[in-house]
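A.B. asks: A single structure is presented below for examination.
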Amino acid sequence: MYGSILVTIVASPVVLGIAWLCLRHYNPATRLATIRWDRPIRTVTVSLVFGGAAVLCVFGSVAELGHAMPWYEYLWTGYALAWVPWLLGIRAAVIDQDNTAGD
1 MYGSILVTIV
11 ASPVVLGIAW
21 LCLRHYNPAT
31 RLATIRWDRP
41 IRTVTVSLVF
51 GGAAVLCVFG
61 SVAELGHAMP
71 WYEYLWTGYA
81 LAWVPWLLGI
91 RAAVIDQDNT
101 AGD
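Counting from 1, one number per residue, gives the positions in the sequence shown under full-length UniProt numbering.
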């Protein structure tokens, strides 16, 4: 339990900074599976970084389910899976940023 609190304290500034950078020009018409081929470098780079991290979270969680552990150790699997929608949402927000907002 204390480990989770310490991880939260240490990771919060990083997570909030990434979210702020990615969401500052948010386009409300963005969809989760957005792809913009008029911005190929941004689309591919962000898909590899955030999409790759989401895939790693899913694969890591599935691999963890195969181990015999006490029930409370499976809570970490839920934590890892909770990151997947956040990562995919940040990916979509960065790809489909509105460049005219507040410039």
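Here a beta-carbon is modelled for each residue, glycine too, at the ideal position from N, C-alpha and C.
Note that the coordinates shown come from a computational prediction; the quantities given were computed from them, not determined experimentally.
Quick one: Cα of Tyr79 to Cα of Ser12, how far?
C.D. replies: Rounded to the nearest angstrom, the two C-alpha atoms are 15 Å apart.
A.B. asks: Quick one, are the C-beta atoms of Thr30 and Asp96 less than 7 Å apart?
C.D. replies: Yes, they are a contact pair.
A.B. asks: Among the candidates Val10, Val7 and Ala19, whose CA atom is the shortest distance from the CA of Phe50?
C.D. replies: Cα-wise, what sits closest to Phe50 is Ala19.
A.B. asks: Going by DSSP in three states, Ile35 sits in which element: helix, strand or coil?
C.D. replies: If DSSP states are grouped into helix, strand and coil, Ile35 belongs with coil.
A.B. asks: Could you pull the start and end residues of the alpha helix (DSSP H) that Thr45 belongs to?
C.D. replies: Per DSSP, Thr45 belongs to the alpha helix (DSSP H) from Pro40 to Val46.
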